[in-house]
Amino acid sequence: MDFDLNNYDYILPPTAIAQAPAEPRDHSRLLVAKADGHAHHHFYDLPDLLQPGDLLVLNDTKVLPARLIGQRAGGGAAEIFLLREEKAGQWECLVRPGRKLLPGVRVSLPQGVEAEILTIGIGGTRQVQFHMPVNLEFWAWLDQAGTVPLPPYITPGQTTPDQYQTVWAQHLGAVAAPTAGLHFTQHLLQNLAQHGISTVHITLHVGVGTFRPVQVTDIRQHTLHHEWLRVPEAAVIKIRHTQAAGGRVIAVGTTVARSLESASQSGELVAWEGWSDLFIYPGYRWQTVEGLITNFHLPKSSLMMMVSSLIGRERLLTLYQEAITQNYRFYSFGDAFLIDPRSWSS
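Note that our numbering has the sequence shown beginning at 32, numbered continuously upward.
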């Protein structure tokens, strides 16, 4: 098996990193891995590439306006990045500058809100208590005071916050977008339905760990970040009906793949809600997912390892090199990659 971290490396020209999505979104390019090779398409070709009766599973998380800028007591700028709500008014956060934001320090934020640093957690995170003025509700305030975070490789000012949300985004909680879904438009969804290809939603709130590289030489020693997810009963029923009728279950994004497989660890897919740290890498036996739509991921990332478990590491790297040669765009706003169910390495 391919457990050496260095085996998931590749060289990407900086110019290949997309700084903005295609316009319209479904005009991004689409590399399709098939059993007998590969083919180049555009994302709007998707209805013709799938089969009537197939089911696309979508992640309906919505990216939080998680980045807050304020002033430290005594002067100096401070940044607070929300990760997850521990309880009402109290959040796990990343902060900058870390050496200045120690327990007891307060940060002044817009509209009279104060953020108090309570404790330092694992990896330097902070427990932060938000003190709200009377008659100011946290979520309404956050919508005005916070900004949607973009990946660190996106040049500021190149995009607008709404471009970093899927057209079906609904449930606030993610700090990064489920980027495979960014290729869809309402027109494409209608076209898919007309071709007999249906959709269903699950929720996984993407965490900041999606940006963190694997740092161990043997990938089996890597511990993946926890992310909250929910696979509702309605989705389970639709997936079972699809499979019984001979349709394929295709995950739109690695977050969906992780959600469905987390809910299948008993040996069958069940409705499931909770925190998952499931790490999928070569050797994993897939339970529910039969195909995958994804983007082109960062070198040495856990996402590359997940995709390799579907199609094989050597073939994946060969297709990545093909995408580079053909001037595909990479990462969050880049082009798309479809692993046809019939192209699996297993």
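Yeah, the Cβ is synthetic: ideal placement off N, Cα and C, and Gly gets one too.
- The beta carbon of ALA70 is closer than 6 Å to those of VAL63 in its chain, skipping five residues each way along the sequence.
- When rounded, the separation of the alpha-carbon atoms in VAL126 and TYR184 is 19 Å.
- Inclusion of ILE148 and LEU133 in the CB contact set at 8 Å is warranted, their separation being smaller than that value.
- In the three-state scheme derived from DSSP, where H, G and I count as helix and E and B as strand, TRP170 is classed as helix.
- Leaving aside the five residues that flank GLN217 on each side, the residues in its chain whose CB is nearer than 8 Å to its CB run, in chain order, VAL198.
- By the C-beta density criterion, VAL247 is exposed, having fewer than 16 other C-beta atoms within 10 angstroms.
- The DSSP-derived three-state label of GLY278 is coil.
- Excluding residues up to 5 positions away in sequence, PRO182 and THR210 lie with their Cβ nearer than 6 Å to the Cβ of SER363 in the same chain.
- GLU258 has its alpha-carbon roughly 16 Å from the corresponding atom of GLN296.
- Here the alpha carbon of LEU86 sits roughly 32 Å from the alpha carbon of VAL245.
- The Cβ atoms of LEU95 and ALA200 lie no closer than 8 Å to each other.
- Rounded to the nearest whole angstrom, the CA to CA distance from VAL280 to LEU140 is 45 Å.
- CA-to-CA, the gap between ASP67 and ARG346 works out to about 12 Å.
- Judged by DSSP in its simplified three-state form, GLU292 adopts helix.
- In this structure GLY278 is buried. Its beta-carbon is surrounded by 16 or more other beta-carbon atoms within 10 angstroms.
- Excluding its 5 nearest sequence neighbours in each direction, GLN352 has C-beta neighbours in its own chain below 8 Å: TYR41, listed in chain order.
- For the 8 Å CB-CB criterion, ALA294 and ASN326 do not form a contact.
- Taking a C-beta distance under 8 Å as the contact criterion, ARG103 and VAL138 qualify as a contact pair.
- Among the bridge pairs identified by DSSP, ASN90 is matched with ILE233.
- In the structure shown, VAL320 adopts coil according to DSSP, grouped into three states.
- Taking all protein chains in view, the Cβ of PRO55 is surrounded by fewer than 16 other Cβ atoms within 10 Å, so the residue is classified as exposed.
- GLN160 is bridged by DSSP to GLN121 and GLU147.
- With respect to the C-alpha of GLY298, the residue from LEU173, VAL320, THR285 and VAL283 having the closest C-alpha is VAL320.
- With the rule of 3 Cβ pairs closer than 8 Å, the region 45-53 does not count as touching the region 329-336.
- A direct Cα-Cα distance of roughly 6 Å separates HIS232 from ASP91.
- LEU81 sits away from HIS73, with the two beta carbons spaced by 8 Å or more.
- Looking at the backbone, the Cα of THR273 and that of ALA282 are separated by about 13 Å.
- ASP371 and GLU117 have their C-alpha atoms spaced approximately 39 Å apart.
- For GLY105, same chain residues with a beta-carbon under 8 Å away, outside a window of 5 residues either side, do not exist.
- One thing to note: VAL237 has its Cβ no nearer than 8 Å to the Cβ of ALA275.
- Its Cα nearest to that of TRP122, the residue PHE161 stands out among GLY129, GLY84 and PHE161.
- Here ALA108 carries a strand assignment [DSSP, helix/strand/coil].
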